[in-house]
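What follows is a short report on a single structure.
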Amino acid sequence: MSQLLAGKTALILGVANKWSLAYAIAQAFRREGAKLILTYQGERLQKPVEQLAAELGAEKTFDCDVSKDQDLARLTETLHGEKLDIVVHSIAFANREDLDRPFVETSRAGYLLAQEISSFSLVAVAKATAPLMTEGGSILTLSYLGSQRVLTNYNVMGVAKAALEAAVRYLASELGPRKIRVNAISAGPVKTASARGIKDFSKILEAGAARAPFRRNTDPAEVADAAVLLASDLGRGITGDVLFVDAGFHIMGL
Ligand code: NAD
Ligand code: IMJ
């Protein structure tokens, strides 16, 4: 079959290492013929991400910390004159303590930080990149079931993902007339840097594998292939949606 993303340029935010969901997505996009532009969070990640970018044959990498207005402005500047087709937002952060202690104890600062990095940043990135999507495009973000159900310890991140999914709908509504689609993929648990060290994470993986229709956990390559669908013209009828790629876990009751 011909390549699904031939002739398209994809900006991917959120590669930190080879376990990152954004890295699996970058690999799948490359396989499908997309031109890749990667951003990383701060100088600390410059060398490792440049290394991964070279392996992927990416065109460009640059620093973009979404908590910094000047970095967001640089998104538009750096990509000026480039026709952009796809943006992948694969970024989340909350203070460690807010994932460990009871949700009711969340501080104002911790709540706002989780919202800023994990939800508002999608709006900011959409604002900065939509003008470059001159022939329409597809914006994707990553969510988690904890936005819709209570999952132990997800806490302030669950509230941030609920806001993220609502932002997907408002952005889809406003950008639809410009032929820009906006969707989220709700991925099942995957052992990335953002999941390592989470209390009882291996128990969560075990419980998921025991109950999910597929009787196993989610493979990052499955998330990446769903991202290809939503980013490609095959996804042209889909916007404002949350697509679950979680081995079917979310449909189960008792
Ligand atoms: P990861 O740690 O590899 O990726 C998180 C990324 O966020 C990192 O690249 C990090 O540099 C970036 N980031 C954090 N703060 C930032 C900032 N201020 N500016 C720019 N970048 C910043 O982990 P991951 O699991 O690949 O997470 C990617 C996305 O997938 C997140 O939105 C996460 O919530 C979501 N997700 C993960 C899982 C899972 O089980 N791993 C499941 C569902 C959804
Ligand atoms: C995160 C916390 C609690 C339970 C969790 C997770 N489960 C899963 C995750 C069950 C799958 C991973 N996930 C979906 C995330 O969105 C993670 C976000 C995250 C992780 C960390 C760890 C390190 C840190 N801050 C973080 N902020 C956000 O300091």
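According to my numbering, the sequence shown is numbered sequentially starting from 287. Every residue gets a Cβ at the ideal spot worked out from N, C-alpha and C, and that includes glycine. It should be emphasised that the depicted structure is a prediction, and the values quoted were computed from it without experimental measurement.
DSSP three-state assignment for residue i, whether helix, strand or coil
i       : result
Lys-346 : strand
Tyr-326 : strand
Gly-500 : The identity of residue 500 in the sequence shown is Phe, whereas the question assumes Gly. Of the three classes helix, strand and coil, the one that applies to Phe-500 here is coil, per DSSP.
Ser-288 : coil
Ile-403 : helix
Asp-384 : helix
Val-335 : helix
Ala-416 : helix
Ile-484 : coil
Lys-369 : coil
Ile-524 : coil
Counterpart residues of residue i in DSSP-defined beta bridges
i       : result
Arg-467 : Ser-424
Leu-299 : Thr-325, His-375
Leu-529 : Ile-471
Ser-429 : Ser-472
Alpha helix (DSSP H) segment containing residue i, residue limits
i       : result
Val-390 : Where Val-390 is concerned, there is no enclosing alpha helix (DSSP H), given that its DSSP letter is neither H nor E.
Phe-315 : 307-317
Ala-512 : 506-517
Met-443 : 441-461
Arg-360 : 355-364
Residue i, enclosing beta strand (DSSP E) - first and last residue
i       : result
Phe-535 : Taken as a continuous stretch (DSSP letters only), Phe-535 belongs to no beta strand (DSSP E), as it is neither H nor E.
Outcome for residue i when other beta-carbon atoms lying within 10 angstroms are tallied against a minimum of 16
i       : result
Ala-458 : buried
Leu-365 : buried
Ser-376 : buried
Asp-532 : buried
Glu-318 : buried
Ser-480 : buried
Ser-488 : exposed
Pro-499 : exposed
Ser-306 : buried
Practice problem: Under 6 Å from any heavy atom of the ligand IMJ, by CB: list those residues in chain order, please. | Solution: In chain order, the qualifying residues are Ala-378, Phe-379, Ala-380, Arg-382, Leu-385, Tyr-430, Leu-437, Asn-439, Tyr-440, Met-443, Pro-475, Ser-480, Ala-481, Ile-484, Ile-490.
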